[in-house]
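Throughout the sequence shown, residue numbering follows the working numbering, covering 24 to 162 in sequence.
No residue lacks a Cβ here, since even glycine has one placed at the ideal position from N, Cα and C.
Structure first, commentary second.
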Amino acid sequence: PPALVFYPDVVTTTAGGSAATSVYALDISGVGMAEIVINYNQNKVSVGSVAKGELFQGGNQPFFHYEVDQDSGLLTVYVGYLGPDGNSVSGTGNIANIVFSTLSAGQSEVSISTASRILDPDAKSITLNGYGKGTIDAQ
């Protein structure tokens with residue numbers, strides 16, 4: 024740690040069904056913002072929904088936004104505190120809850136890209152030592 028991981032990291036569903044997982048930050052310290060880039064196989068799954076997790080809470084209202092590029096199989100999640108006296112979070116917790124929709128049967132990998140970044144409240148980069156992977160198994 025610090026790391027970004029999926030939990031659960033293996034999700035079994037039916038072909039055409041939904042697969043829910045969450046992005047967790049493990050053992051982070053003094054994080055004010057995060058940009059999390061997730062790669063997925065766009066031929067096997069699509070992004071159904073993305074919702075803010077519980078880690079970024081309190082203080083001034085956290086910013087939460089996401090962008091889906093289905094053609095490239097990329098989901099980018101942005102979360103953080105805005106403005107002066109922005110808060111920071113530490114510890115382990117859920118950043119985003121994601122539901123993927125399966126498009127066909129078979130296993131598909133989802134992975135947190137090394138392009139992901141976490142920053143302190145002064146926008147200085149914090150080193151990540153782990154980038155998680157997960158598997159969606161549509162049967």
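Just list the residues that DSSP pairs residue i with in beta bridges.
{"i": "S41", "result": "S124"}
{"i": "S20", "result": "The requested residue 20 is not part of the displayed model; the chain covers only 24 to 162."}
Give the straight-line distance between the Cα atoms of residue i and residue j, rounded to the nearest whole angstrom.
{"i": "F183", "j": "S41", "result": "For the chain, the structure presents residues 24 to 162; residue 183 sits outside this window and is missing."}
{"i": "T37", "j": "G129", "result": "9 Å"}
{"i": "S45", "j": "S127", "result": "21 Å"}
{"i": "A74", "j": "V91", "result": "13 Å"}
{"i": "G103", "j": "I149", "result": "14 Å"}
{"i": "I159", "j": "G96", "result": "14 Å"}
{"i": "N120", "j": "P144", "result": "23 Å"}
{"i": "V112", "j": "P24", "result": "15 Å"}
{"i": "Q162", "j": "N110", "result": "43 Å"}
{"i": "N64", "j": "I118", "result": "22 Å"}
Are there 16 or more other CB atoms within 10 angstroms of the CB of residue i, so buried, or fewer, so exposed?
{"i": "A146", "result": "exposed"}
{"i": "V100", "result": "buried"}
{"i": "T35", "result": "exposed"}
{"i": "T125", "result": "buried"}
{"i": "L98", "result": "buried"}
{"i": "P163", "result": "Only positions 24 to 162 of the chain appear in this structure, which leaves residue 163 out of reach."}
{"i": "S131", "result": "buried"}
{"i": "L151", "result": "buried"}
{"i": "G153", "result": "exposed"}
{"i": "T33", "result": "Looking at the sequence shown, residue 33 is not Thr but Val. Classification for V33: exposed."}
{"i": "G76", "result": "buried"}
Pull up the CB-CB distance for residue i and residue j, whole angstroms please, since I reckon it's below 8 Å.
{"i": "F29", "j": "V68", "result": "So it is not a contact: roughly 13 Å between Cβ atoms."}
{"i": "G155", "j": "A26", "result": "7 Å"}
At least 3 beta-carbon pairs within less than 8 Å: the stretch 57-71 vs the stretch 123-143: yes
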